[in-house]
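**Student:** Residues 11 to 333, numbered by this note's numbering, are exactly what the sequence shown covers, in order.
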Amino acid sequence: MKRKAFDTHQNERKYSTFMYIPHNGGATRTIRITSPIIKFISLITMFVLVISLLGVSLNYFINESSELSTKLNDVIEEQQIQVSVLNSYIKRQAYLILNKSDQLLGIESLQASIDMELLNLSVQLESVTTKYVDSYVEGSGTAALSYSQVGAFLEDAQNLANTLTQIEQLSNTSEGQTLSFISLKNDLNNYLDKIPSLWPTESTYIASQFGARFHPILNVYKTHTGVDIGGISGDDIYAAGTGTVIFSAWNGGYGYMVKIDHGEGITTIYGHSSKLLVSVGDEVKKGDVIALVGTTGLSTGPHLHFEVRIDNIPVNPLAFIGE
Numbered sequence: 011m012k013r014k015a016f017d018t019h020q021n022e023r024k025y026s027t028f029m030y031i032p033h034n035g036g037a038t039r040t041i042r043i044t045s046p047i048i049k050f051i052s053l054i055t056m057f058v059l060v061i062s063l064l065g066v067s068l069n070y071f072i073n074e075s076s077e078l079s080t081k082l083n084d085v086i087e088e089q090q091i092q093v094s095v096l097n098s099y100i101k102r103q104a105y106l107i108l109n110k111s112d113q114l115l116g117i118e119s120l121q122a123s124i125d126m127e128l129l130n131l132s133v134q135l136e137s138v139t140t141k142y143v144d145s146y147v148e149g150s151g152t153a154a155l156s157y158s159q160v161g162a163f164l165e166d167a168q169n170l171a172n173t174l175t176q177i178e179q180l181s182n183t184s185e186g187q188t189l190s191f192i193s194l195k196n197d198l199n200n201y202l203d204k205i206p207s208l209w210p211t212e213s214t215y216i217a218s219q220f221g222a223r224f225h226p227i228l229n230v231y232k233t234h235t236g237v238d239i240g241g242i243s244g245d246d247i248y249a250a251g252t253g254t255v256i257f258s259a260w261n262g263g264y265g266y267m268v269k270i271d272h273g274e275g276i277t278t279i280y281g282h283s284s285k286l287l288v289s290v291g292d293e294v295k296k297g298d299v300i301a302l303v304g305t306t307g308l309s310t311g312p313h314l315h316f317e318v319r320i321d322n323i324p325v326n327p328l329a330f331i332g333e
């Protein structure tokens, strides 16, 4: 029988050796660490690394979540401001229109009174014609009238005179009311012309909407206070409504800019123009050419930056000019 050879290395433990050599000339130390300990330390190290990475990731997501929450709150706050400003504006305009409506109702009431008196006069004239003229023509041919007939005729004649006087008084009042109506009509037309409802360029392409956006030049999230309407350099820019020019010059990131006051707390802004065609103090009408499309200021290409402000708070211009 052959004897089994005995492996002398079978029971040898595997280990790693670390040598510590101090710089001060002290004794050198040798540290032996067995394989299980190395594995344990490696596992602990990996575990710590994983926990650390998870902690860093969690902290990142918490910060991102907090930042997103802040941005969301900012957006909600801006929307609330928008709604509040627009509601305030609509309320003011509603009262203005109500006042004009009351004036119109007064004119209509007066006209109805005149129409009623004219109808009354017509009825009275027809009655007099029937009672006296027709009976006289168809009678016996005598020109004499009884005493009672004369009295009745005089009473009817007086009633006619009273009706004519009433109509004359109403007519005089009506002339004033007619002038008031013309003035009211002009006021309403001027009011409608001042509302910035006209699209300010021939181009209708919206390159950037109103609201929060990532700024293409500053590379930060920032509220876009108007809309960017793409166009070609040199295209006409129209006044969206009738008003007074209160600014026409270079204005930082806006480049060459025009600002128009339309009354009732409304202003419009036209930015990045290549050329300004109006000056401060000019009265412009809706549709007048006030500037030319350009790419001045902070701009990535030819377009019009158009704003509508109520009490100097930017609101979405599309609420006025449509989409």
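Ideal Cβ placement from N, Cα and C applies to all residues, glycine included.
How would you label Ile-247, buried or exposed, when you count the other beta carbons within 10 angstroms and need 16 or more for buried?
**Tutor:** buried
**Student:** Three-state secondary structure (DSSP) at Ile-72?
**Tutor:** helix
**Student:** Express the C-alpha separation of Asp-298 and Gly-291 in angstroms, rounding to a whole number.
**Tutor:** 15 angstroms
**Student:** Taking the alpha-carbon of Ser-284 as reference, which of Gly-244, Asn-322, Ile-331 has the nearest alpha-carbon?
**Tutor:** Closest by alpha carbon: Gly-244.
**Student:** CA-CA distance, Val-237 and Leu-78?
**Tutor:** Roughly 24 angstroms between the two C-alpha positions.
**Student:** Here's the rule I'm using: 16 or more other beta-carbon atoms within 10 Å means buried, otherwise exposed. How should Pro-312 be labelled?
**Tutor:** Residue environment: Pro-312 is assigned as buried (16 or more neighbouring CB atoms within 10 Å of its CB, all protein chains considered).
**Student:** Give the DSSP-derived three-state secondary structure of Asp-271 in the structure shown.
**Tutor:** strand
**Student:** What residue range does the alpha helix (DSSP H) around Ile-276 cover?
**Tutor:** First-last for Ile-276: 276-283, but that is the beta strand (DSSP E), not the alpha helix (DSSP H).
**Student:** Exposed or buried, which one is Met-267 when buried takes at least 16 other CB atoms within 10 Å?
**Tutor:** buried
**Student:** Counting pairs of Cβ atoms below 8 angstroms between the stretch 271-287 and the stretch 306-320, do you hit three or more?
**Tutor:** yes
**Student:** On a CA-only basis, which of His-272, Tyr-264, Thr-233, Val-95 is nearest Val-255? Give me that one, please.
**Tutor:** His-272
**Student:** If you run the structure through DSSP and keep just helix, strand and coil, what is Leu-308?
**Tutor:** Here Leu-308 sits in coil by DSSP.
**Student:** Could you spell out the range, first to last residue, of the alpha helix (DSSP H) harbouring Ile-205?
**Tutor:** Run containing Ile-205: none; DSSP gives neither H nor E here.
**Student:** Among the residues of its own chain, which have a CB less than 6 angstroms from the CB of Pro-324, if the five just before and after it don't count?
**Tutor:** Thr-235, Glu-317
**Student:** Just the Cα atoms here: how many angstroms apart are Gln-90 and Ile-276?
**Tutor:** 19 angstroms
**Student:** Excluding sequence positions up to five away, which residues of its chain have a Cβ less than 6 angstroms from the Cβ of Ala-217?
**Tutor:** For Ala-217, where only same-chain residues beyond five positions count, the Cβ hits under 6 angstroms are Asp-238, Gly-240, His-313.
**Student:** Along the chain, where does the alpha helix (DSSP H) that runs through Leu-328 open and close?
**Tutor:** 328-331
**Student:** Among all the DSSP beta bridges, which residues are the ones paired with Asp-259?
**Tutor:** According to the sequence shown, residue 259 is Ala rather than Asp. DSSP lists Met-267 as partners of Ala-259.
**Student:** Measuring CA to CA, which of Leu-202, Glu-333, Ala-329, Leu-53 is closest to Gly-253?
**Tutor:** Leu-202
**Student:** Could you check the C-alpha separation between Thr-55 and Asn-69 for me, to the nearest Å?
**Tutor:** As the crow flies, the alpha-carbon of Thr-55 is around 21 angstroms from that of Asn-69.
**Student:** Ignore the nearest five residues each way along the sequence and tell me which others in Asp-321's own chain have a CB closer than 6 angstroms to its CB.
**Tutor:** Gly-275
**Student:** Measure from the alpha carbon of Phe-220 to the alpha carbon of each residue in Gly-304, Ser-119, Phe-71, His-315, then state which is nearest.
**Tutor:** His-315
**Student:** Expressed to the nearest angstrom, what Euclidean distance is found between the alpha-carbon atoms of Thr-152 and Ser-119?
**Tutor:** For Thr-152, the predicted model reports a pLDDT of 45, less than 50, meaning its position is unreliable; a value from the coordinates is still stated below. Straight-line Cα distance between these residues: approximately 47 angstroms.
**Student:** Just mark Pro-206 as buried or exposed, buried being the case when its beta carbon has 16 or more other beta carbons within 10 Å.
**Tutor:** buried
**Student:** Going by other Cβ atoms of all chains shown within 10 Å of its Cβ, with 16 needed for buried, is Thr-233 buried or exposed?
**Tutor:** exposed
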